[in-house]
Amino acid sequence: NVLTLTIKSENTNYVYDDDKHGILIINSNGGELSLKVFWGDMYLGHGPRSVTYRIGTNNSITELWQSTNDYTVAISKNPLDILKELYDSKSTKIILRTTPFQENPITFEFDVSELHSIVKKYPNHFATITPPSVTEAVGEMITRIIIGVIFITMLYGEITV
């Protein structure tokens, strides 16, 4: 079960004689999340790319991201951290910047205001970035207590109260 969310950048960059949008791509393959950025056909170069991102007014973070085989898409190595920060943030914007091979840096801004509604609509795809519900937390706690009682009973025999 695959879910793909694509978000076109708010701004364009002049790329090879044309204005191009960036595309933010969030994939969930059975709950396994990935985060990619298509940089408007810009050739990024071989090997990992330095990508800087900022969510709202938070501090900027720079990471090394992998490139796809055509070297126009960068793939985050830490999608859960970024998506969790996006989900927890009150901000609706993420700004991403990289420097393509032998080019000036390019920056794209994305409006991610739809993320909360998508997460609520497809909770199974985003379970790794959302806090558990009260029902899930209580259920997990009860399960641990029952397992503990069973373990103690197995160790010490019948428990009398």
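The sequence shown begins at -13 in my numbering and counts up by one. Ideal Cβ placement from N, Cα and C applies to all residues, glycine included.
Hey, LYS79 and THR54: beta-carbon distance below 9 Å or not? Not closer than 9 Å, so no.
Pair within 9 Å by beta-carbon distance, TYR29 and TYR0: No; because the gap between Cβ atoms is not below 9 Å, this pair is not in contact.
THR84: buried (16+ other C-beta within 10 angstroms of its C-beta) or exposed? Note on THR84: 16 or more other CB atoms within 10 angstroms of its CB, so buried under the neighbour-count rule.
Just the Cα atoms here: how many angstroms apart are ILE9 and VAL135? Whole-angstrom Cα-Cα distance: 52 Å.
Taking only the alpha-carbon atoms, compute the straight-line gap between LEU19 and ASP3 and give it to the nearest angstrom. Between the C-alpha atoms of LEU19 and ASP3 there is a straight-line separation of about 34 Å.
Let me know the secondary structure DSSP gives ASP74 once reduced to three states. The three-state secondary structure of ASP74, taken from DSSP, is helix.
Would you check if the distance between the CB atom of LEU66 and the CB atom of ILE115 is smaller than 9 Å? Yes, they are a contact pair.
Spatial neighbours of PHE96 within its chain, please: C-beta separation below 6 Å, excluding the five flanking residues on both sides. For PHE96, where only same-chain residues beyond five positions count, the Cβ hits under 6 Å are ILE(-7), SER(-5), LEU10, ILE80.
On the DSSP bridge list, what partners appear for GLN52? Answer by DSSP bridge pairing, in chain order: ILE61.
Please state the DSSP three-state secondary structure of TYR142. Assignment of TYR142 by DSSP, reduced to helix, strand and coil, places it in the helix class.
My parser needs the beta strand (DSSP E) runs of 3 or more residues fully inside the segment -11 to 43; what are they? For the segment -11 to 43, the continuous beta strand (DSSP E) assignments of 3+ residues that do not extend past its boundaries occur at 4 to 15, 18 to 24, 35 to 41, in sequence order.
Looking only at its chain, what residues have a beta carbon closer than 8 Å to the beta carbon of SER149, apart from the 5 residues adjacent to it on each side? Since the first residue of the chain shown is -13 and the last is 147, residue 149 is not available in this structure.
Per-residue DSSP class, three states only, for ILE131: ILE131 falls in the helix class under three-state DSSP.
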